[in-house]
Every structure is written in structure tokens, then in C-alpha cells.
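To start, the structure itself, in C-alpha cells.
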Amino acid sequence: MLEICRLTIIESLRRRLTLALFATTLLLVGFTGWAFAKLSQLSSLQGIERLAQFSILLIFLMLLFTGMLALTAVFSAAAAVAGELESGIAAAILARPIRRGAYLFGKWLGLAVVVGAFALVAGSGEILVVSRVAGYAPPQPVAGLLLIVAQALLLMTLSLALATRLSAVTSAIVATVAFFLAWMLGTIDLMGLALRYPTLMAVGDVGKILLPTNALWQAAEYHLEPPALIALARGFTSFSSNPFMALAPQPAAVLIWAAIWAAIVFGIGALSLGRRQL
Amino acid sequence: MAHAAAPGRDPDAAIRTDLLEKRYGRRVALHGLSLTVPRGSVFGFLGPNGAGKTTAVKLLLGLVRPTAGEGMVLGGPIGDPSARRRIGYLPELFRYQDWLSAREVLRSHAVLAGLGRERIAAATDSALELVGLEGEGRRRVGAFSKGMQQRLGLAAALIGEPELVVLDEPTSALDPVGRHEVRGIIQGLRDRGATVFLNSHLLTEIEAVCDEVAVVDHGRVIASGRLDELLQARGAEVAVDGLDSAAVARLGGTMAAPGAAIFPDIAESDVPELVAAIVANGGRVYRVTPRKASLEQIFLDWLEVR
Numbered sequence: 477m478l479e480i481c482r483l484t485i486i487e488s489l490r491r492r493l494t495l496a497l498f499a500t501t502l503l504l505v506g507f508t509g510w511a512f513a514k515l516s517q518l519s520s521l522q523g524i525e526r527l528a529q530f531s532i533l534l535i536f537l538m539l540l541f542t543g544m545l546a547l548t549a550v551f552s553a554a555a556a557v558a559g560e561l562e563s564g565i566a567a568a569i570l571a572r573p574i575r576r577g578a579y580l581f582g583k584w585l586g587l588a589v590v591v592g593a594f595a596l597v598a599g600s601g602e603i604l605v606v607s608r609v610a611g612y613a614p615p616q617p618v619a620g621l622l623l624i625v626a627q628a629l630l631l632m633t634l635s636l637a638l639a640t641r642l643s644a645v646t647s648a649i650v651a652t653v654a655f656f657l658a659w660m661l662g663t664i665d666l667m668g669l670a671l672r673y674p675t676l677m678a679v680g681d682v683g684k685i686l687l688p689t690n691a692l693w694q695a696a697e698y699h700l701e702p703p704a705l706i707a708l709a710r711g712f713t714s715f716s717s718n719p720f721m722a723l724a725p726q727p728a729a730v731l732i733w734a735a736i737w738a739a740i741v742f743g744i745g746a747l748s749l750g751r752r753q754l
Numbered sequence: 002m003a004h005a006a007a008p009g010r011d012p013d014a015a016i017r018t019d020l021l022e023k024r025y026g027r028r029v030a031l032h033g034l035s036l037t038v039p040r041g042s043v044f045g046f047l048g049p050n051g052a053g054k055t056t057a058v059k060l061l062l063g064l065v066r067p068t069a070g071e072g073m074v075l076g077g078p079i080g081d082p083s084a085r086r087r088i089g090y091l092p093e094l095f096r097y098q099d100w101l102s103a104r105e106v107l108r109s110h111a112v113l114a115g116l117g118r119e120r121i122a123a124a125t126d127s128a129l130e131l132v133g134l135e136g137e138g139r140r141r142v143g144a145f146s147k148g149m150q151q152r153l154g155l156a157a158a159l160i161g162e163p164e165l166v167v168l169d170e171p172t173s174a175l176d177p178v179g180r181h182e183v184r185g186i187i188q189g190l191r192d193r194g195a196t197v198f199l200n201s202h203l204l205t206e207i208e209a210v211c212d213e214v215a216v217v218d219h220g221r222v223i224a225s226g227r228l229d230e231l232l233q234a235r236g237a238e239v240a241v242d243g244l245d246s247a248a249v250a251r252l253g254g255t256m257a258a259p260g261a262a263i264f265p266d267i268a269e270s271d272v273p274e275l276v277a278a279i280v281a282n283g284g285r286v287y288r289v290t291p292r293k294a295s296l297e298q299i300f301l302d303w304l305e306v307r
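And the structure:
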């Protein structure tokens, strides 16, 4: 299993995925630094207004980053599994005394290292550069980043499981569509919450159960927002349905369910690969 | 020899299957395969394209699951990881990670096969040398020709001196020199006591190296046996004159052409009596040539009989 993990990491290095992610990180952090430096120079806002401006912008940037990360996780996982199964590379490997579940977990672990490292390096780069040039730092950046990594790993697990049966492109597309659907259902949930409309809230809950990525994003968002802004926003109903603001932390049950969800989906993937004719 | 038998623990058999069957929906890819491959033998699994040879190999390695039947490989049920530790496999569609060097591919196979860390470097070197890729170990597989990739696949199958080596069309991408070298490698495997399961539709390849063969067609084994018995001399061709067709027929032969009679059932020990009988009937014998069966002819006969 560790050998498969090692090979997966080497593959990402040799196929220049790591290099591309590194270049993306530089570009992202450089652009963010430039934009926030300009904004800091030009903005005349002070106090809570300035805090709101920078924190909302940073959260929006992190949301975009989450999307990039999701696509990275989904496409790299789909290619890593479906690519090897379709090309025949996997047949030579799986004829060896390695269980298919261990093979899949080795792939998962290797990709988790690559995706996790990208998320942590690029995400902390974003936060650090904003803090340096604009003097704004979110309250709990580590928790926020870890939840963003967790969201990417969830999608990666889904893509990996799908790729045990579907082609790389199909797996990646299905996982990406699921990601956006979860986001849409999360927004419906927020609207239900604001309007106190149980049907909408129920739809949102179903979304959280089916794919808890958006719930993880909202949990991350909460950790990235300044408490003063949250306290202020709680006074306005319209803020509670704003998909770019989380006014309450996610219950622990959601985070536990996300971990269980990942384990279940991985298990289904391992079972599916175990039954696949190679 | 291939025959129906229950696949119990047979210490003399490297492979033993009983009515192993694989269906994909309504299509039968392999129909009730029952065979025994003795340990230490080179077993040729013959058949035309699409006959079910690769399906049989994949079943034996646990890459596909049988629809019915059972089998034992190296004393374990098919697909058993501990048995697979002692098996080397060259797939028909050989593909290796093109972003790795040849040495790295072999190293990963050695690790996956469970070779101890201290044995890996030496095993990699000797496998590369055995297939003629010494000096190419540091090159990326992506830069290899198809033939070199097949050699690499062969090296991966041989790494760690497995007890059973399963080769699925091992020379499909090789030139005549490469094919000759592979024969030498297979003979070397037999000399060290390994069992070789050779899947091929190349009859010359099978004829040159195999001890036993089984022929599969349309998912069924249609014939099997020891190769030397199958290729035993059968009959004689006699250059003769002075005999008409009727006289030749009385002696058990047929006139294949003017002056050339074929006696299909004559054994080598009966040739002096045959010559005496021809002379006694007024014939004159110029030459007697034993007829040796070719595997190709036998193969075609088998397919025709079916």
C-alpha cells in the first residue's frame, strides 16, 4: 500500500502536476498580494467597514481557491485510478499479492499528500500575503484551512470511487457536478434558514447527507470570519441567506458525518474495484 | 496432461482447475476448463485469437472472477495473495508506468512481490540482464520501443525467481532475435525448476519450448497432451515405382503423387517389413522418409475435428 502511495506521489512529480500546482500557487499568491496591496492603498474605509471589506474579499478568494482545489482533487484522482485501469498498468500491479482495497488506499494516500500539500501551501500563502500587505488576518486560519483540505479530500474520495468503474473524464465530471450541486443545495438550506421554511431546510439537510462538501466549506468560512462581523451580521436576516457568510459554526455531527461519508464512499470504491474484471 | 479432476491440493501440480467457467452476460468466454499443469513443466496454451486463452490466464491470476468452477494455483485457491507472491506475470497488453525508469518499474514489482529490501537491487540487475536490457535501467519507460517494453514486462514477470511464470503472448512485439532469446529464457526457467504457463498462438514458439500443450477454441479445451507424444513420427513416405494404386492400397498406403506413396500408420520399426512387402509385390524402393507431424498440422486437424 505504501509502495502505491509512493508511486502516486512520484507520478505527480514526474508528470509535472506538482510543478503546475506550484506555479499556480505562485501566481495566486502573487496576484492576491498585488490586489490587496492596491486595495489597502486606495480604500478609505475604517474600523468594522474595513474589516468587513477585507474579510469578505478574502473569503471570496478562498471560495474560488476551494473550487480550484476541488477540480484539482477530482481530476487527479480520476486520472490516477481510471487511467491505470484502462491502460492495463493496474493489471500487472494487481496480479501481485496486493489487495485491491490496499491499492486504492495507496492511491488515496498519495493523492491526499499532493492535494493536501497544495491546499496548505497555497491557502496559507494567500492568508499570509493578505495579512502582510493589508494587515488583515482571519481569526482561525488553521482550522479554516484544514476544513478546506477536508472538503477537497471528500471530493477526491468520490472521484476515486467513481473511477473504479467509470472513465477518467466521466468520473471527474460527475464528481464536479456533485460538488456544485452540493453548493446549490447548501444555498437552498441557507434560504430555508432565513425564511424559516422547513421544506427548503430539509432539502439542504438531504444535500449535507448526500455530499457534505458545502457543509465543510461553511464550517471553514465560519473560522475565517472575524467574530465582530458575525455579531453584526446576526442582526440582519438578509445575511443569514448569504452564501458568502456563515453566521454559526457547523455542528460536530456534520464533521463526524463527513468523515463517515468519506469512509463509506471509499469502502464502496474498494468493493467496486474488488469486483471489477480486469 | 490436461484432464478433468477435482482441484484438491496436489503437490505435483502447479495449476489445477476444475470446470472453470467465465461468462460475460450471455457470452461464454471460457467453458468448463479442467486442466492440470505439472510443476516444473513448460505448458503451452494454444488457440486462435479470441479462443479464451487470456480469460483463462486472468482467471488463474484472480484478475477476473470465475462464473463457475474452481481452481488451485501453487497450492492456494485462485486469486490467493500468498500464492500470487510466487507468480510472475507478463500480460498480453503489457503497459508499465511510462514516467518511471525501467529500474524503478522492476523495483516496484519487487517490492509488491514481497522481496526483502536487501534482495531488490540484485534481483533488478539480474532481471534486466536476463532480458537484455542491461544499460537501459535508468531510461524512462516512455522512451522505450514496444519490443523493449515487452522485454521489461518479461523482466518484471521474472523478478524474484517466481515458482510459476505466466506469459501471455510473450513475443508479440519482438523481432526474431528477441523471440529466440525468449525461448532461451523459458528453457532457463525450466532448468531451475520453475513452471511456465505459456499462452500463445505462435505454434513454432510452443513447439520449440513446451513439454505439454492444451488447445482451446471457442472457450473449450479441444485437445491436450504431451508434446513429444503428439509430435511422434507417424507413417512414412516412400519413393517407389513398379506398383499401382491398388497394390499400394493393399499394403495400407495411398499414392500421393506418381512415384510417391504414403503409408500413414507405419511405425519406424515396421519399415524393413514394408520395404520387403513392396519388393515382393514387384515394386522398387528409392527412398523411405519418416513423416514427422508438425504442431501446425495437428493444430489445424484439431480445429477441423471440432
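Protein chains in written order, with the numbering used here: chain A, 477 to 754; chain B, 2 to 307. Glycine is no exception: its CB is placed at the ideal position from the N, C-alpha and C atoms. Keep in mind it's a predicted model, so treat the numbers as computed, not measured.
Taking the CA atoms as reference points, A/W584 sits about 10 Å from A/A578. Within chain A, R572, P573 have C-beta atoms less than 8 Å from the C-beta of B/A114, given in sequence order. Taking a cut-off of 8 Å on C-beta distances, the region 223–242 of chain B does not touch the region 70–87 of chain B, as fewer than three cross pairs fall below it. B/L91 is bridged by DSSP to B/L168. Judged by DSSP secondary structure, A/E525 falls within the alpha helix (DSSP H) whose first and last residues are 523–563. According to the DSSP secondary-structure assignment, B/G45 is paired through a beta bridge with B/L199, B/V214.
Taking a Cβ-Cβ threshold of 7 Å, none of the residues of chain B is close to A/S643; the smallest such distance is about 16 Å. In the DSSP assignment, B/M256 falls within the beta strand (DSSP E) that extends over 255–258. In this structure B/V276 is not in contact with B/A262, their Cβ atoms being roughly 12 Å apart against a cut-off of 8 Å.
In the same chain as A/A613, and ignoring 5 residues on each side of it, the C-beta atoms closer than 6 Å to its own belong to S607, in chain order. In the structure shown, the three-state DSSP call for B/H181 is helix.
Taking all protein chains shown into account, B/E213 has 16 or more neighbouring C-beta atoms within 10 Å of its C-beta and is therefore buried. Interface with chain A (7 Å Cβ-Cβ cutoff): B/R139 is excluded.
Using a CB distance cut-off of 7 Å, A/S563 counts as an interface residue toward chain B.
Taken in chain order, the members of the region 47–65 of chain B whose beta-carbon sits within less than 9 Å of a beta-carbon on chain A are K59, L62, G63, L64, V65.
At a cut-off of 7 Å, the C-beta of A/L754 has a neighbouring C-beta in chain B.
Taken atom to atom, the span from the alpha-carbon of B/A224 to that of B/A15 is near 20 Å. The beta carbon of A/I744 is closer than 6 Å to those of A637 in its chain, skipping five residues each way along the sequence.
The beta-carbon separation of B/V167 and B/L159, rounded to 11 Å, does not stay under the 8 Å limit for a contact. Pairing B/G189 with A/A734, the inter-Cα distance amounts to about 55 Å. Per DSSP, B/L34 lies in no alpha helix (DSSP H); the unbroken beta strand (DSSP E) holding it starts and ends at 28–39. Taking the Cα positions, A/A549 is about 5 Å away from A/M632.
Residue burial is scored here from C-beta neighbours: A/W693 has at least 16 other C-beta atoms within 10 angstroms and is therefore classed as buried. For the C-beta of A/I569, the chain B residues within less than 7 Å are, from N- to C-terminus, L113. Going by C-alpha positions, B/E206 is about 12 Å away from B/I186.
Under the Cβ criterion of 7 Å, B/L94 is counted among the residues facing chain A.
At a cut-off of 7 Å, the C-beta of B/S146 has no neighbouring C-beta in chain A. Setting aside the 5 residues that flank it on each side, A/R641 is surrounded in the same chain by S748, each with a C-beta closer than 6 Å to its C-beta; the list follows chain order. For A/L587, there are no neighbours in chain B by C-beta distance under 7 Å, as the nearest C-beta there is about 15 Å away.
Between the region 594–610 of chain A and the region 678–690 of chain A there are fewer than three C-beta pairs closer than 8 Å, too few to call the two in contact.
Assigned with DSSP and collapsed to three states, B/R221 falls in strand. Bounds of the alpha helix (DSSP H) holding A/T689 are 689–700. For B/D218 and A/L623, the gap between their C-alpha atoms comes out near 58 Å. Here DSSP, grouped into helix, strand and coil, assigns B/T290 to strand.
Between B/V132 and B/L155, the C-beta gap is smaller than 7 Å, which places the two residues in contact. Taking 7 Å as the CB threshold, A/R491 lines the interface with chain B.
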